[in-house]
Amino acid sequence: MPMQEPQRRLLGPFNSTRTGVPHLELSANQTGPWCLHVSIPDGLFLSLGLVSLVENVLVVISIAKNQNLHSPMYYFICCLALSDLLVSVSIVLETTLILVLEAGALATRVTVVQQLDNVIDVLICGSMVSSLCFLGAIAVDRYISIFYALRYHSIVTLPRARWAIVAIWVASISSSTLFVAYYNHTAVLLCLVTFFLATLALMVVLYVHMLARAHQHAQAIAQLHKRQHLVHQGFRLKGAATLTILLGIFFLCWGPFFLYLTLIVLCPKHPTCGCFFKNLNLFLALIIFNSIVDPLIYAFRSQELRMTLKEVLLCSW
Numbered sequence: 000m001p002m003q004e005p006q007r008r009l010l011g012p013f014n015s016t017r018t019g020v021p022h023l024e025l026s027a028n029q030t031g032p033w034c035l036h037v038s039i040p041d042g043l044f045l046s047l048g049l050v051s052l053v054e055n056v057l058v059v060i061s062i063a064k065n066q067n068l069h070s071p072m073y074y075f076i077c078c079l080a081l082s083d084l085l086v087s088v089s090i091v092l093e094t095t096l097i098l099v100l101e102a103g104a105l106a107t108r109v110t111v112v113q114q115l116d117n118v119i120d121v122l123i124c125g126s127m128v129s130s131l132c133f134l135g136a137i138a139v140d141r142y143i144s145i146f147y148a149l150r151y152h153s154i155v156t157l158p159r160a161r162w163a164i165v166a167i168w169v170a171s172i173s174s175s176t177l178f179v180a181y182y183n184h185t186a187v188l189l190c191l192v193t194f195f196l197a198t199l200a201l202m203v204v205l206y207v208h209m210l211a212r213a214h215q216h217a218q219a220i221a222q223l224h225k226r227q228h229l230v231h232q233g234f235r236l237k238g239a240a241t242l243t244i245l246l247g248i249f250f251l252c253w254g255p256f257f258l259y260l261t262l263i264v265l266c267p268k269h270p271t272c273g274c275f276f277k278n279l280n281l282f283l284a285l286i287i288f289n290s291i292v293d294p295l296i297y298a299f300r301s302q303e304l305r306m307t308l309k310e311v312l313l314c315s316w
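Numbering (numbering that gives the first Met the number 0) for the sequence shown: 0 to 316.
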C-alpha cells in the first residue's frame, strides 16, 4: 500500500501529506528552513492514548457503579468521559495499525486499509464533536443549577438529559460522517470552526456569569461577617484562577487545531501557513492531552466520585 511519511495519519482528511489535498502539500514544501516543526513520535501518541483510556474508563465505571451519581450532571460527565475514551481508543487503534503496517507484520489490500482509515476518521471526528458538545452541556447544567437552583430538578430532568445525550451522539456521528465524506469542501471546515467558536463563546459567557454571581454571593456573606475587603480579594483571585485554568486549558488544547482548519480556508498556499500545517500532530496531541485533563477538572473534583473510584481500584464491588 502507498504509505505516507512516518508521521501520524490521525484524521487523514486534515493531514498535509494526504494526496487528496495537494495544495496543502505544496504549501508545506514551500516553507523555508526557518519553519519550526515539532515532531511527535508514535510512541508518545500511544502513551497519551493509553493514559487517557485508563483514566476515562475509571470515570465511566465509577459513575455506573454508584447509584448516587446517576443524575443529569454526572450523566453529562460520563458522556464526556466516553467521548474522550473514544478519542483514546481511536488513537491507540490507529497508532497500533500504523506501526504494524510499517513493520510489515500485516499485509492487506489498499481498499481495506482505506476503509479502516475512514472508519477511524469518523470515530475520531465524532468523538471530538461530542466532546465539545458535552463540555457545553456541562456548562449549561452548572449555569441552571446556580441561577435556577429552586427549579433545577424540574428543568433538568433525567428524561430531558437522556434525550439531550441521544441528540448529541446522533448529531456527532452524522456530522462526522458528512465531514469525512466532504472534507475537501470549504463549507464543511467553516462549519467546524464556527461550531468551536460558538462552544467557546457559550462557555465564556456562562462561566463568567457564574463567577459574577458567586462574587455577589461572597460579597453578601462578607458584609455579614464584616470582612469584606479580605474576602473579596481572596475570592476574586481564586475565582479568576479557576476560570482562567478551565477556559485556558480548553482554548489551548482545542484552539490550535481549529486555527489549523481556519488557515486551510484562508491561506492554503502561503509559506507561513504551510509551516503551521506541518505541526498538525502537535495540535492533535494537545487534544489527546485535553482528554486526560478533563476528568481532573470535571470528574475527580467530586468527593463521592473519588470515594467510588477508590473502591473500584480496590476491587471492592
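Note that beta-carbon positions come from the ideal geometry of N, C-alpha and C, so glycine has one too.
Indicate the three-state DSSP secondary structure (helix, strand or coil) for residue i in the structure shown.
i, result
"residue 156", "coil"
"residue 124", "helix"
"residue 39", "coil"
"residue 208", "helix"
"residue 266", "coil"
"residue 183", "coil"
"residue 55", "helix"
"residue 67", "helix"
"residue 338", "Residue 338 is absent from the structure shown; the chain starts at 0 and stops at 316."
"residue 132", "helix"
"residue 313", "coil"
"residue 190", "helix"
"residue 147", "coil"
"residue 252", "helix"
"residue 197", "helix"
Can you name, in chain order, every residue of its own chain whose Cβ lies under 7 Å from the Cβ of residue i, other than the five neighbours on each side?
i, result
"residue 174", "128"
"residue 179", "12, 117, 120, 121 and 124"
"residue 56", "84"
"residue 140", "71, 72, 75 and 155"
"residue 34", "274 and 277"
"residue 255", "282 and 285"
"residue 45", "91 and 94"
"residue 151", "143 and 144"
Which residues in the same chain as residue i place their Cβ atom closer than 6 Å to its Cβ, once the five residues preceding and following it in sequence are excluded?
i, result
"residue 289", "252"
"residue 172", "125"
"residue 138", "202 and 205"
"residue 244", "none"
"residue 312", "none"
"residue 50", "291"
First and last residue of the alpha helix (DSSP H) that includes residue i?
i, result
"residue 301", "Counting along the chain, residue 301 falls outside any alpha helix (DSSP H), and DSSP gives it neither H nor E."
"residue 278", "No alpha helix (DSSP H) holds residue 278; DSSP gives it neither H nor E."
"residue 96", "71-101"
Quick one: residues in its chain with C-beta nearer than 8 Å to the C-beta of residue i, no 5 flanking neighbours on either side, listed in chain order?
i, result
"residue 303", "65, 67 and 68"
"residue 198", "131, 132, 134 and 135"
"residue 236", "Here residue 236 scores only 48 on pLDDT, less than 50, and its place in the model should not be relied on; the value that follows carries that caveat. The answer is none, since no qualifying residue turns up."
"residue 59", "77, 80, 81 and 84"
"residue 43", "284"
"residue 63", "77"
"residue 176", "121 and 125"
Just mark residue i as buried or exposed, buried being the case when its beta carbon has 16 or more other beta carbons within 10 Å.
i, result
"residue 332", "Given that the chain is displayed from residue 0 to residue 316, the structure contains no residue 332 and the question cannot be resolved."
"residue 166", "exposed"
"residue 93", "buried"
"residue 306", "exposed"
"residue 185", "exposed"
"residue 21", "Unreliable placement is indicated for residue 21, whose pLDDT of 36 sits below 50; the coordinate value is still reported in the next sentence. Classification for residue 21: exposed."
"residue 90", "buried"
"residue 272", "buried"
"residue 54", "buried"
"residue 149", "exposed"
"residue 38", "exposed"
"residue 309", "exposed"
"residue 99", "exposed"
"residue 247", "exposed"
"residue 249", "buried"
"residue 146", "exposed"
"residue 163", "buried"
"residue 189", "exposed"
"residue 153", "exposed"
"residue 191", "buried"
If you measure from the beta carbon of residue i to each beta carbon in chain B, is any gap under 8 Å?
i, result
"residue 190", "You won't find chain B in this structure, because it holds only one protein chain."
Discussion item. Check whether the stretch 127-144 and the stretch 78-94 are in contact - that is, three or more C-beta pairs closer than 8 Å.
Written reply: yes
Worksheet item: Does the pairing of the stretch 157-165 with the stretch 195-214 give three or more beta-carbon distances under 8 Å?
Response: no
Worksheet item: On the three-pair Cβ rule with 8 Å, is the stretch 290-299 touching the stretch 257-265?
Response: no
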